[in-house]
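These notes concern the structure reproduced below.
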Amino acid sequence: MPAAGRTPGVLHRLSRVTACAAFVLIVAGASVTSTGSGLAVPDWPLSYGQWLPPMEGGVFFEHGHRMIASGVGLLVWLLAFVAWRQPAARWVRNLALVAAAAVLFQGLLGGVTVLYGLAKPVSVAHACLGQALFALLVFLATATGPSWPDSSSLSVDERRAASRVLRLAFAASAAVFLQLLLGASYRHGLAGIAPHLLGAVLAAGLSFAAAFRALAELPAKAGLAPVAGSLAAAVAAQLLLGLGALARSPAVSTLHVAVGALILALCVVVSARLHRLAGPEAAPAWLEH
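Just so you know, we're using the working numbering here: the sequence shown kicks off at 5 and counts up by one.
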């Protein structure tokens with residue numbers, strides 16, 4: 005994965021703000037589901053024919069979610085505009101455009117979710133696209149940052165170690181996203197809890213393995229210790245929250261979704277940094293421009 009070009013500080017700062025806003029949006033969306041407020045506002049794009057209805061009961065969660073989503077959408081489109089106006093690498097610009105298209109589709113999908121009475125497949129798709137968009141924004145924030153690592157500081161053996169751990173980190177990222185899909189399917193009534201419990205074993209095992217191997221096999225100068233340690237801690241906390249979520253407490257269930265998103269973000273950061281540390285030979289062709 006090559007450098008992100010002469011990425012200006014404003015693009016990195018905007019990427020971070022947008023990623024943080026997307027995380028807040030995921031928490032807000034989880035609150036809507038946890039409190040059963042998905043149909044508190046039955047129309048779209050307005051709410052009871054108003055831009056700002058009385059924020060009472062479930063309307064507070066549902067309309068609040070829409071307001072935050074509008075803000076995130078504006079931030080993502082601003083990010084894409086800035087990326088194409090600044091001297092960033094072409095792949096950074098292209099990913100910013102993908103994010104802009106994704107957030108637009110996500111907004112439309114949210115409207116369809118309401119208009120079709122919380123149709124289960126649509127609700128699950130809406131939840132999963134939100135997580136995927138968040139992961140993309142986290143990647144952009146990582147890749148445009150000043151601490152983006154350089155493989156030239158590592159020996160050949162250390163780069164090979166990064167390549168080995170990278171495969172595990174990719175597997176962990178995929179397993180975590182699959183687990184989020186299974187969790188969304190359970191929360192929206194599309195599937196039972198058994199697949200989610202089995203997925204938890206796979207996702208936790210791969211995440212722990214990726215984190216501990218990154219800590220054990222990569223030197224301190226690789227800069228992976230803080231994020232790998234955070235990943236291991238987040239997975240441990242998530243397992244405990246999963247047990248608590250079985251009690252169907254809205255607060256615990258929402259926190260469970262939030263930590264799941266955080267784990268996905270940490271997996272993305274670990275994978276991205278390992279990809280960079282592994283050297284140019286690890287980069288796919290589409291990242292060479």
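Where is the CB? At the ideal position from N, CA and C, for every residue including glycine.
Residues of its chain near residue i, where Cβ-Cβ distance is below 7 Å and the 5 sequence neighbours each way are ignored
i, result
"Ser38", "Pro254, Ser257, Thr258"
"Val86", "Val14, Leu15, Leu18"
"Leu270", "Val231, Ser234, Leu235, Ala238"
"Ile72", "Val28, Leu29, Ala32"
"Ala165", "Glu221, Leu222"
"Leu99", "Leu140, Leu144"
"Trp48", "Gly115, Val118, Leu119"
Residue(s) in a DSSP beta bridge with residue i
i, result
"Ser51", "Gln54"
Cα-Cα separation between residue i and residue j, rounded to whole angstroms
i, j, result
"Phe174", "Leu108", "27 Å"
"Glu221", "Gly77", "40 Å"
"Gly149", "Cys132", "26 Å"
"Pro57", "His69", "13 Å"
"Ile197", "Ile267", "20 Å"
"Ala23", "Val142", "6 Å"
"Ala282", "Ala178", "19 Å"
"Trp95", "Gly61", "44 Å"
"Ala251", "Arg89", "49 Å"
"Gly187", "Val205", "13 Å"
"Pro199", "Leu182", "10 Å"
"Ala249", "Gly121", "25 Å"
"Ala44", "Ala93", "44 Å"
Cut-off 8 Å between Cβ atoms - residues of its own chain near residue i, not counting five sequence neighbours on either side
i, result
"Gly193", "Lys124"
"Ala208", "Val239, Gln242, Leu243"
"Gly233", "Ala215, Leu219"
Given residue i as reference, the closest of the options once Cα atoms are compared
i, options, result
"Arg97", "Ser51, Leu144, Leu133", "Leu144"
"Leu137", "Arg17, Gly187, Val80, Val86", "Val80"
"Leu185", "Gly203, Leu170, Val160, Arg171", "Gly203"
"Pro2", "Glu66, Gln135, Ala139, Val273", "An answer regarding residue 2 cannot be provided, because it is not within the stretch 5 to 293 covered by the chain."
"Gln110", "Val160, Ala147, Ala129, Trp95", "Ala129"
"Pro223", "Ala179, Pro91, Gly134, Arg163", "Arg163"
"Arg277", "Ala251, Ser167, Tyr190", "Ser167"
"Tyr190", "Thr146, Ser159, Gly246, Leu228", "Gly246"
"Leu228", "Arg280, Val63, Leu99, Val21", "Arg280"
"Ser127", "Leu172, Phe65, Gly42", "Gly42"
"Leu140", "Val102, Ala44, Arg171", "Val102"
"Ala66", "Ser275, Val180, Ala34", "The identity of residue 66 in the sequence shown is Glu, whereas the question assumes Ala. Ranking the options by Cα distance to Glu66, first place goes to Ala34."
"Ala26", "Ser211, Val169, Gln135", "Gln135"
"Ala213", "Pro46, Val63, Ser275, Ala104", "Ser275"
Cβ neighbours of residue i in the same chain (closer than 6 Å, five flanking residues each side left out)
i, result
"Gly264", "Leu184"
"Gly40", "none"
For the 8 Å Cβ check, are there 3 or more pairs between the segment 107-121 and the segment 225-242?
With fewer than three CB-CB distances shorter than 8 Å, the segment 107-121 does not count as touching the segment 225-242.
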